[in-house]
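Here is the structure we will look at.
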Amino acid sequence: MPVIVYVIELDSNRDWHTLVWLSNRGYDGNVLALAEDIAHYDEGERTQIGLTEQQAWEFRDYVDSDPDAFLACCGSETLAKVLNDLFLDII
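Anchor point for the sequence shown: position 44 equals 241 in my numbering, and the numbering is continuous, going up by one each time.
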């Protein structure tokens, strides 16, 4: 069983839908396609997205290879922060 190492927490349904919108257009750094686990809580108001170490590195490599396709700033300040924090936390 894969080990989840990185978790993104979204505290609003709006951020989840914005991330899906970005993903559908290829602007999410491929994070949703790579995610090992996606769970919704509190009637969809909270979402957790889990990535393994390998998936996190694939996300980072994807963003590094095409930084113009990573538009985390198109969402709320919270969404931009969690996605950028994920990118910076991968070591």
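For glycine and all other residues, C-beta sits at the position ideal for the given N, C-alpha and C.
Exercise. From alanine 175 to glutamate 255, what does the alpha carbon distance come to, in whole angstroms?
Worked result: Because the chain is modelled from 198 through 288, residue 175 falls outside the range shown and cannot be assessed.
Problem set entry | Reduced DSSP secondary structure (H/G/I, E/B, other) of valine 204 | strand
For this session: On the DSSP bridge assignment, give the partners of phenylalanine 267 in chain order.
Result: Asp225
For this session: Note down the Cα distance separating tryptophan 213 from alanine 236, rounded to an integer number of angstroms.
Result: 11 angstroms
Exercise. Within 10 angstroms of its Cβ, does asparagine 227 collect 16 or more other Cβ (buried), or is it exposed?
Worked result: buried
Problem set entry | aspartate 239 - DSSP class collapsed to helix/strand/coil | coil
For this session: Given a cut-off of 7 angstroms, decide if glutamine 252 and glutamate 233 are closer than it, judged by their beta-carbon atoms.
Result: yes
Exercise. From what residue to what residue does the alpha helix (DSSP H) around alanine 253 run?
Worked result: 250 to 262
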